[in-house]
Each structure stands twice: as structure tokens, then as C-alpha cells.
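Written out below as C-alpha cells is the structure these notes cover.
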Amino acid sequence: MTYDLLIIGGGINGAAIAREAALNGQSVLLVERDDLASHTSSAS
Numbered sequence: 711m712t713y714d715l716l717i718i719g720g721g722i723n724g725a726a727i728a729r730e731a732a733l734n735g736q737s738v739l740l741v742e743r744d745d746l747a748s749h750t751s752s753a754s
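One point on numbering: in the numbering used here, the residue at position 13 of the sequence shown is 723, and numbering is uninterrupted.
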């Protein structure tokens with residue numbers, strides 16, 4: 711399968727970019743090692 715966009719990291723920024731790209735009709739693959747946004751707050 712091919713994708714228009716590959717995003718590595720499912721933090722708040724990666725998830726937001728993936729959402730916006732998908733809403734604009736792009737096929738997106740988001741790759742995250744842990745749960746989505748699992749370390750977002752602790753890293754801020």
C-alpha cells in the first residue's frame with residue numbers, strides 16, 4: 711500500500727498533522743511506538 715504522507719511520532723503535533731492531512735484527502739500512515747500522545751504532557 712502507498713501513502714501520501716508518513717508521520718513518525720504520534721504526539722500532539724503528529725496526531726494533529728495526521729488529522730488535518732486526512733481531512734484534506736491525503737492517505738496518511740502515522741507510526742508511534744507507544745500509545746498516541748502518551749508522553750506529550752510529560753515532555754512539555
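Each residue gets a CB set at the ideal place from its N, CA and C atoms; glycine is no exception.
Note that the structure is a prediction, hence the values are computed from the model and not measured.
In this model, Thr712 and Gly724 are separated by some 19 Å (Cα to Cα). Gly720 sits buried, since 16 or more C-beta atoms from the chains shown fall within 10 Å of its C-beta. Rounded to the nearest whole angstrom, the CA to CA distance from Leu740 to Ile718 is 6 Å. Rounded to whole angstroms, the gap between the alpha carbons of Asn734 and Arg743 is 25 Å. Residues Val738 of the same chain have their beta carbon placed closer than 6 Å to that of Ala732, with the five preceding and five following residues left out of the count.
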